[in-house]
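Worksheet: the structure to be examined is printed underneath.
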Amino acid sequence: MLHLVLGGARSGKSRYSESIARSLESAGREVFYIATANSSQNDLEMTQRIEQHQQMRPRHWQLIETKTALAQTLESLNRANVIVLVDCLTLWLSNCLLHQDQGLWQREKQQLLSCLDHFEGQLLMVSNEVGQGLVPMDKLARVFVDESGWLHQDLAQICDQVSFVTAGIPQQLKPQQK
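Under my numbering, the first residue of the sequence shown is numbered 1, with each subsequent residue one higher.
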């Protein structure tokens with residue numbers, strides 16, 4: 001089961017995804033939390049955000065920090081009876097776009113899409129929906145918005161379930177509720 005959870009900044013998407021993982025965990029499955037945030041000593045605010053997320057998660061969840069090699073990490077966890085929560089795809093995208101290897105993003109994206117075709121466990125992927133605002137004036141920001149939008153579209157086609165979280169309230173986009 002592949003589940004994409006979208007929402008704006010501070011929309012409650014991480015909390016919602018973690019609640020899903022907790023409910024699935026009760027069935028005796030092991031939980032892996034893949035964190036993609038990249039914090040430096042110069043970014044105190046991001047360091048505090050990371051610490052806040054860590055405090056909200058159960059301590060027994062296994063943390064894997066992955067800045068760029070997401071598909072490779074998922075392949076290493078690909079087995080039944082696991083729950084994998086990736087938080088978040090837009091930070092992963094930023095890490096790839098800002099990498100010195102200019103072709104890294106396209107390779108990583110293709111590897112992710114390929115590995116999802118045969119992923120056996122429960123996968124929850126959290127991502128920021130950034131396409132509902134103005135077109136940015138900065139070139140890198142426009143590339144980021146374009147690439148995240150295309151990634152979300154590709155993932156929405158593959159995923160069994162897509163949710164959009166606003167003000168802590170999840171709306172099911174796929175499958176649509178009847």
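Don't be surprised by glycine CBs; every beta carbon is placed ideally from N, CA and C.
It is roughly 13 Å from the alpha-carbon of V82 to the alpha-carbon of T73. Distance from the Cα of R10 is smallest, within the candidate group L2, C88 and L124, for C88.
DSSP lists V126 and S163 as the bridge partner or partners of V5. Around the beta carbon of W105, a 10 Å sphere encloses 16 or more other beta carbons of the protein chains shown; the residue is thus reported as buried. The DSSP assignment places 62 to 65 and 82 to 87 as complete runs of the beta strand (DSSP E) inside the segment 35 to 105, in order along the chain (cut-off: 3 residues). Across the structure, H60 and M137 are spaced so that their CA atoms are roughly 43 Å apart.
Taking 8 Å as the cut-off, the beta carbon of V135 is found no closer than this to the beta carbon of S148. Taking a C-beta distance under 8 Å as the contact criterion, L70 and A35 do not qualify as a contact pair. The straight-line gap separating the alpha-carbon atoms of M56 and L155 is approximately 27 Å.
In terms of Cβ geometry, I169 and L116 do not form a close pair [threshold 8 Å].
Across the set A37, L123 and Q110, the C-alpha of L123 shows the shortest separation from the C-alpha of Q161. At the C-beta level, G8 and N128 come within 8 Å of one another. Residues of the same chain with a CB within less than 7 Å of the CB of E120, apart from the 5 flanking positions on each side, are N78, R79 and A80 in chain order.
Within the DSSP secondary-structure output, Y33 pairs in a beta bridge with L63 and L85.
Residue environment: K109 is assigned as buried (16 or more neighbouring CB atoms within 10 Å of its CB, all protein chains considered).
In the DSSP assignment, the residues bridged to Q171 are F164. For V135, the secondary structure class from DSSP, reduced to helix, strand or coil, is coil.
The residue from V126, V143, Q111 and Q132 with its alpha-carbon nearest to that of L98 is V143.
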